[in-house]
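Asks:
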Ligand SMILES: [Fe+2]
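Numbering (the working numbering), first residue to last: 567 to 856.
1. What are the partner residues of residue 832, as DSSP defines its beta bridges?
2. Is the beta carbon of residue 731 sitting closer than 9 Å to the one on residue 760?
3. Sort out for me which residues DSSP pairs residue 822 with in a bridge.
4. What is the C-beta distance between residue 683 and residue 634, in whole angstroms, given that I count them as a contact (C-beta under 8 Å)?
5. Comparing alpha-carbon positions, which option in 604, 599 and 583 lies nearest residue 769?
6. Do the segment 647-655 and the segment 838-856 touch if we need at least three Cβ pairs shorter than 8 Å?
7. Which residue from 830, 596, 739 and 689 puts its Cα closest to that of residue 570?
8. Say whether the segment 815-833 touches the segment 662-670, bearing in mind that this needs 3 or more beta-carbon pairs closer than 8 Å, one atom from each stretch.
9. Where residue 806 and residue 686 are concerned, what is the direct C-alpha to C-alpha distance, given to the nearest angstrom?
10. Does ligand 1 have even one heavy atom less than 8 Å from the beta-carbon of residue 680?
11. Identify which residue in 801, 777 and 704 has its Cα closest to the Cα of residue 833.
12. Between the segment 807-822 and the segment 697-716, do at least 3 Cβ pairs fall closer than 8 Å?
13. When we look at the beta-carbon of residue 638 and count the other beta-carbons within 10 Å, is it buried (16 or more) or exposed?
14. Is the CB-CB distance between residue 618 and residue 588 below 9 Å?
15. Tell whether a beta-carbon distance below 9 Å holds between residue 599 and residue 698.
16. Taking C-beta to C-beta, are residue 628 and residue 712 nearer than 9 Å?
17. Would you check if the distance between the CB atom of residue 766 and the CB atom of residue 777 is smaller than 9 Å?
18. Is the closest heavy atom of ligand 1 to the C-beta of residue 830 under 8 Å?
19. Taking 9 Å as the cut-off, decide whether the C-beta atoms of residue 676 and residue 771 are in contact.
20. According to DSSP, is residue 710 part of a helix, a strand, or is it coil?
21. Can you tell me whether residue 734 is helix, strand or coil according to DSSP?
22. Would you say the beta carbon of residue 691 is closer than 8 Å to some non-hydrogen atom of ligand 1?
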């Protein structure tokens, strides 16, 4: 089989076919896949009937994986290297809308970059669709390189070198997350607020990107309200249609994205009626950004 990389949204999203991710890729094939990932930012692999262990093995080709921060919770999957992104409990039933897990999942509907609340934020995420609702539940991606490049030079000069503080507690609080829960306290201790550069440069392509999202609470060294206003302006800019690609899922899709230069958010669906089961692996980053 020969790898085929087909652009489906400019230089931002590509479909990659001619690969079977359930088997180990030879080095030449992997190099083609890795090049597509670094070039586009989002790559879609359709028709991958992949299991958890196979997804972990493919993901690990890109680097060591991050364990889920939710490992203290009751889990539908045993391996801490797999995150269960679903509305289904361990018994197979649909979770209640007011359950703690669903409240947490709603945080995924804000524009974010995965694990930007960690000192060393993630490099990439891989999400595989195991069961999907008949409608809605898309995932949207924002090209933060294009968003950066579209900013006026004066704005670029203003934000280059700025550092924002990111925390899970901040983003979850904006979603009305129950701050009184024991798990919340455990996580707050494990992931205290961290500094992140607001502009990043790809070590491979040299392209710069904006780096702001729902976990960013304020800008260090700037008046709190002024910093918040600047973050909101940049978030609204990056969410403009011209930078966004919506992925409508099919079962068997595996979508991989570059958290260093892509924001994403989940879109709602009728979660009280239809099961949606996704599995995520997360490739760890290499160094702090600030
Ligand atoms: Fe996410």
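From the three backbone atoms N, C-alpha and C, an ideal C-beta is built for every residue, glycine too.
Computed from a predicted structure; not experimentally measured.
Replies: According to the structure data:
1. 705
2. In contact: residue 731 and residue 760 (Cβ atoms closer than 9 Å).
3. 609 and 692
4. 13 Å between Cβ atoms; not a contact.
5. 604
6. yes
7. 596
8. no
9. Rounded to the nearest angstrom, the two C-alpha atoms are 28 Å apart.
10. yes
11. 704
12. yes
13. Note that residue 638 has pLDDT 48, beneath the 50 cutoff, so the model's placement of it is unreliable and the number below is only indicative. The residue is exposed, with fewer than 16 neighbouring Cβ atoms inside 10 Å.
14. no
15. no
16. no
17. Yes.
18. yes
19. no
20. helix
21. Taken through DSSP and simplified to helix, strand or coil, residue 734 comes out as helix.
22. True, at least one ligand heavy atom lies under 8 Å from that Cβ.
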